[in-house]
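Listed in order, the protein sequences are those of chains D and Y. Sequence positions in the first sequence follow the working numbering and run 13 to 207. Sequence positions in the second sequence follow the working numbering and run 62 to 348. Let me begin by presenting the structure, written as structure tokens, before commenting on it.
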Amino acid sequence: MSPSWNQAEAPVRAAERGAPVSQRFSDQLIAVLPRLRRFARGLTGSATEADDLVQAACERALAREHQFQEGTRFDSWMFRIVQTVWIDQLRAREVRKEDTDVAEERLGSDAPVRTIEARLALAEVRRAVQFLPPDQRTTLMLVTVEGLSYKEAADVVGVPVGTIMSRLARARIALQQHLDTGGGSRRSVKNAEAQ
Amino acid sequence: MQKHSDESLVAYLDGELGGAERQHVEAWLAADAGARDRLAELAQSADLLRSAYADIVNETVPGRLIAAARGETGNAAPQHEAEILVLKRPPRRIVVTVPGGGWGIGVAAAAGLFGLVVGGAGSYLGTGLLNTASPAAEQRLAAAAANNTWLDNAAGYYKLAVSAGDSLALDVSANSDAREALQKVNLEKTPNLVPWGLNFRGARLVVVEGKPAVQLVYTTDNKAIGPLTLVIGSSKQPDIQRTFDRRQDVNLLYWRHQGRAYALVGQTDIGYLWGIANDVGWQLDAI
């Protein structure tokens, strides 16, 4: 067994840095971590990047703890922070993931299928999500996976409900095309982005 | 919104349509077999999507994320490393009287097995050995020294348990009635760590800082976790949150809560230790 941790990585409590964190706030944050990880996994397509994203979001949330309004949904507030940090990271990189590694992967044969569960592994579904443009991917994860209403998703993303509705429809259709046609992934992305 | 569109079908599936719009779509679906097929496809792909991400929420959350949520950062050294401790003379060996009646091994033996001079603080400290300028500083350093001793002992006991393997002498076996023995350290039950793949092998009654303590030994076939021990003893020190430390190749996650000191010890990474410590905390009402 070889421990991966070393003392240089040891944590220091916020209180020791002069920035006490309320227990209640931390508890809320810890409680929502599994869903944040899932949301981030959907956005980034990578377990490691997702955890990095969630960690960055936690740090930002703690720095803005005073901005959270009691009585509002904490998970939605955190989803918004994760999404904002992710967009910042995308802009910083100026590289879209679907233009690089994902484009080289195929989802299956070109033959259409009626029952997609029988042919595609769930990992391939997650890969298909990565072909979607970031705004559609975000909407799809918030509504279809995390179960937010259109209004709640609109609040998280900061757009009108109608925009959520159209983005979601385009995402679902594009995803459907991916799953039906497999190899037509590149075309589907371009179609989705063109709409 | 276009009435006959995928957009309206998706919104219908999501339950987002109002009365008039919903009735309109339902009328469309009733009249159009193609729309019904399309609706079924969309529903199917949505179910598949949810399934694709369902298991992620059941994964163990990495320790670094929990630490981040608690406002801890991974960029700084532990607080105790900042302490500069000056020894007047070489440390003396700690001598502890081992009570009779099955108490396993004393501090000296465990520390001796471990090599005595180990640890992040880099020093073994004893009362009266410190070159301090004020009573407050001396008190603080004495507390740090006691804490280091506690961790050294916990790590030493872990090493002892691992090196002894199957021949480890247990005071309480997994199959016996452990209640009487555990009551000696005011412990009513042992944590169930089977969900982590860890099986309770037994308990050893030990002495830490001259006080009775219990070392719970867990083994597993999971090489990513390996054997773990949980040392629980009484403490008059103030509560502290879970804190990481290390002794050679042994990781420790320790905390104090309501008169008890806990040290989870193993060679697995902090992510596992943190998750298991959470579980222990909930089961023993120790956080």
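The beta-carbon is built from N, C-alpha and C at its ideal position, and this holds for glycine as well.
### Query
Do D:Arg-85 and Y:Val-118 have their C-beta atoms within less than 9 Å of each other?
no
### 9 Å Cβ cutoff, Y:Glu-144 in contact with chain D
Low confidence applies here, because Y:Glu-144 scores a pLDDT of 30, under 50, leaving its location unreliable and the question unanswered by this model.
### Message
Using a Cβ-Cβ cutoff of less than 7 Å, which residues in the same chain neighbour Y:Ala-274 once the five nearest sequence positions on both sides are dropped?
### Response
Around Y:Ala-274: Val-246, Val-267, Val-268, Val-292, Ile-293 and Gly-294.
### Task
For the stretch 83 to 144 of chain Y, list the alpha helix (DSSP H) runs that are entirely contained and at least 4 residues long, ordered along the chain.
94 to 115, 124 to 130 and 140 to 143
### Task
Please state if the CB of Y:Val-122 and the CB of D:Pro-46 are separated by a distance shorter than 9 Å.
Yes.
### Task
Use the C-beta contact count for Y:Lys-220: other C-beta atoms within 10 angstroms, 16 or more gives buried, fewer gives exposed.
buried
### Query
In whole angstroms, what separates the C-alpha of D:Ala-59 from that of Y:Ala-113?
14 Å
### Message
Along the stretch 73 to 103 of chain Y, where does the CB come closer than 8 Å to a CB of chain D? Name the residues.
### Response
Asp-75, Glu-77, Glu-102 and Leu-103
### Query
Apart from the five residues just before and just after Y:Tyr-300, which ones in its own chain have a Cβ nearer than 6 Å to its Cβ?
Correcting the residue type first, residue 300 of chain Y is Asp in the shown sequence and not Tyr. So the qualifying residues of the chain are Arg-317 and His-318.
### Task
Would you tell me roughly how many angstroms separate the C-alpha atoms of Y:Leu-100 and Y:Leu-70, rounded to the nearest one?
6 Å
### Task
Could you check what DSSP says for Y:Leu-291 in three-state terms: helix, strand or coil?
In the structure shown, the three-state DSSP call for Y:Leu-291 is strand.
### Message
Report the CB separation of D:Gln-95 from D:Val-168 in whole angstroms; it is logged as a contact under 8 Å.
### Response
7 Å
### Query
Among the residues of its own chain, which have a CB less than 7 Å from the CB of D:Ile-93, if the five just before and after it don't count?
Ala-69, Arg-72 and Ala-73
### Task
In the DSSP assignment, find the alpha helix (DSSP H) that holds Y:Ile-286 and state where it starts and stops.
Y:Ile-286 -> no alpha helix (DSSP H), and no H or E assigned at all.
### Query
Between D:Leu-65, D:Asp-87, D:Glu-82 and D:Gln-188, which lies nearest to D:Arg-138 when the distance is taken from Cα to Cα?
D:Gln-188
#### Entry: Residue interval of the alpha helix (DSSP H) (run including D:Arg-76)
Taken as a continuous stretch (DSSP letters only), D:Arg-76 belongs to no alpha helix (DSSP H), as it is neither H nor E.
### Query
Which residue's Cα is closest to the Cα of Y:Gly-217: Y:Thr-251, Y:Ala-129, Y:Asp-310 and Y:Leu-259?
Y:Asp-310
### Query
Given a threshold of 16 other Cβ atoms within 10 Å of its Cβ, counted over all protein chains shown, does D:Val-44 qualify as buried or as exposed?
Result: buried.
### Query
Using CA coordinates, which residue listed in Y:Gly-287, Y:Ala-88 and Y:Trp-211 is at the minimum distance from Y:Leu-259?
Per the Cα distances, Y:Gly-287.
### Message
Strictly by DSSP, which residues pair up with Y:Ser-234?
### Response
Y:Gly-263
### Straight-line gap, Y:Leu-248 to D:Ser-161 (C-alpha atoms, nearest Å)
47 Å
### Query
On the premise that Y:Asn-312 lies in contact with Y:Gln-328, defined as a C-beta separation below 8 Å, what is that separation, rounded to the nearest angstrom?
6 Å
### Query
With a cut-off of 9 Å, does the C-beta of Y:Leu-277 fall near any C-beta of chain D?
Interface criterion not met: the Cβ of Y:Leu-277 is under 9 Å from no Cβ in chain D.
### Task
Tell me where the beta strand (DSSP E) around Y:Gln-276 begins and ends.
272 to 280
### Query
Can you list the residues of chain Y that D:Val-137 reaches, using a CB-CB cut of under 7 Å?
Leu-109, Leu-110 and Ala-113
### Task
Look at Y:Lys-250 and Y:Gln-344 and say whether their C-beta atoms are less than 9 Å apart.
yes
### Task
Whole angstroms is fine: what's the gap from D:Val-66's alpha carbon to Y:Asp-232's?
44 Å
### Message
Please report whether the beta-carbon of D:Thr-193 lies at a distance below 9 Å from any beta-carbon of chain Y.
### Response
Answer no: the Cβ-Cβ gap between D:Thr-193 and chain Y never drops below 9 Å.
### Secondary structure of Y:Asn-312, DSSP reduced to three states
strand
### Task
Could you tell me whether the Cβ atoms of D:Ser-38 and Y:Ala-115 are closer together than 9 Å?
In this structure, D:Ser-38 keeps its C-beta atom at 9 Å or more from the C-beta atom of Y:Ala-115.
### Task
Could you check if Y:Glu-120 is buried or exposed, using at least 16 other CB atoms within 10 Å of its CB as the buried criterion?
exposed
### Message
As a quick exercise: from D:Lys-163, D:Gly-170, D:Val-97 and D:Arg-36, pick the residue whose alpha carbon is nearest that of Y:Glu-77.
### Response
D:Lys-163
### Query
For the beta strand (DSSP E) that Y:Val-326 lies in, which residues bound it at each end?
Per DSSP, the continuous beta strand (DSSP E) segment holding Y:Val-326 begins and ends at 321 to 327.
### Query
For D:Gln-82 versus D:Ser-34, is the C-beta spacing smaller than 9 Å?
Residue identity differs from the one stated: residue 82 of chain D is Glu in this sequence, not Gln. No, Cβ-Cβ distance for D:Glu-82 and D:Ser-34 is not below 9 Å.
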